[in-house]
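Counting the sequence shown from 1 gives a position; this note's numbering is that position plus 10.
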Amino acid sequence: MAGKTLFVKARADGPSAIASFEGRTFACLIGENGAIAAADKREGDSKTPLGVWPLVAGFYRPDRVDALGVCQQPLEADMGWCDAAGDPLYNAACEAGYEASHEMLWRADAAYDYIGVMDYNLEGELAEDGVGRGSAIFLHVWREGAAHTEGCVALRNEDLEAVLAAGCDGVEIVLA
Numbered sequence: 011m012a013g014k015t016l017f018v019k020a021r022a023d024g025p026s027a028i029a030s031f032e033g034r035t036f037a038c039l040i041g042e043n044g045a046i047a048a049a050d051k052r053e054g055d056s057k058t059p060l061g062v063w064p065l066v067a068g069f070y071r072p073d074r075v076d077a078l079g080v081c082q083q084p085l086e087a088d089m090g091w092c093d094a095a096g097d098p099l100y101n102a103a104c105e106a107g108y109e110a111s112h113e114m115l116w117r118a119d120a121a122y123d124y125i126g127v128m129d130y131n132l133e134g135e136l137a138e139d140g141v142g143r144g145s146a147i148f149l150h151v152w153r154e155g156a157a158h159t160e161g162c163v164a165l166r167n168e169d170l171e172a173v174l175a176a177g178c179d180g181v182e183i184v185l186a
């Protein structure tokens with residue numbers, strides 16, 4: 011299933027976007043403050059980085075949903091994602107109780123029932139100004155009532171399932 015692309019046409023000034031995948035077109039959400047060039051992305055700016063980002067991993071919440079693709083791993087209740095710029099685990103998985111700031115992946119809402127990890131800043135780089143370039147930029151479920159994300163791309167469940175079922179090998183997200 012290599013060579014599949016999720017195209018996301020982002021707006022620079024707002025969270026609504028249009029996506030297409032395998033001949034289907036559908037609405038999606040991006041960051042509250044729209045999209046931004048990846049070089050200008052900063053931790054906490056609520057903007058989605060423009061660029062081409064391969065899908066490199068996936069997670070699913072096993073008590074609610076089934077795995078969709080071979081690259082998906084089950085979430086565990088103690089899994090988090092470090093958002094502390096400069097920390098050795100910045101923009102990587104960690105456990106609950108980790109000493110640095112982190113977001114828990116096991117949530118009460120359905121937003122992280124499925125997660126697609128995009129290859130965006132997985133090295134945890136900092137910008138020249140010392141601020142992180144952003145973390146936890148995922149594909150995830152568009153939760154009910156949400157009008158934006160914090161920088162991720164949120165898709166309705168059925169649309170996200172179609173993307174994640176394609177696996178990770180050769181699947182990329184083009185944010186333009």
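Glycine included, every Cβ here is placed at the ideal spot set by N, Cα and C.
Put simply, the backbone Cα of asparagine 101 is about 5 Å away from that of serine 145.
Taking a cut-off of 8 Å on C-beta distances, the segment 59–71 touches the segment 132–151, as three or more cross pairs fall below it. In this structure, tryptophan 63 lies near aspartate 129, with their beta-carbon atoms less than 8 Å apart.
For glutamate 86, the closest C-alpha among the options Leu99, Pro98 and Leu115 is that of Leu115.
No Cβ-Cβ contact shorter than 8 Å links isoleucine 46 with alanine 27. If only uninterrupted beta strand (DSSP E) runs of at least 3 residues are considered, those enclosed by the segment 22–95 are 26–31, 34–39, 45–47, 58–70, 82–84 and 89–92.
In this structure, cysteine 81 keeps its C-beta atom at 8 Å or more from the C-beta atom of leucine 165.
In the DSSP assignment, alanine 103 falls within the beta strand (DSSP E) that extends over 103–105. By the beta-carbon neighbour count (other beta carbons within 10 angstroms, threshold 16), aspartate 97 is buried. Of the other Cβ atoms in all chains shown, fewer than 16 fall within 10 Å of the Cβ of alanine 22; this residue is therefore exposed. Taking the Cβ atoms as the reference, phenylalanine 36 lies roughly 15 Å from valine 184, outside the contact range of under 8 Å. The beta carbon of tyrosine 108 sits closer than 8 Å to the beta carbons of Gly90, Cys92 and Leu99 from its chain, once the five residues preceding and following it are set aside; these are given in chain order. Less than 8 Å divides the Cβ of aspartate 123 from the Cβ of valine 75.
Positions of the beta strand (DSSP E) runs, each at least 3 residues long and wholly inside the segment 108–145, are given as 112–114 and 124–128 in order along the chain.
Separation of alanine 110 and tryptophan 152 (C-alpha to C-alpha, rounded to the nearest whole angstrom) is 27 Å.
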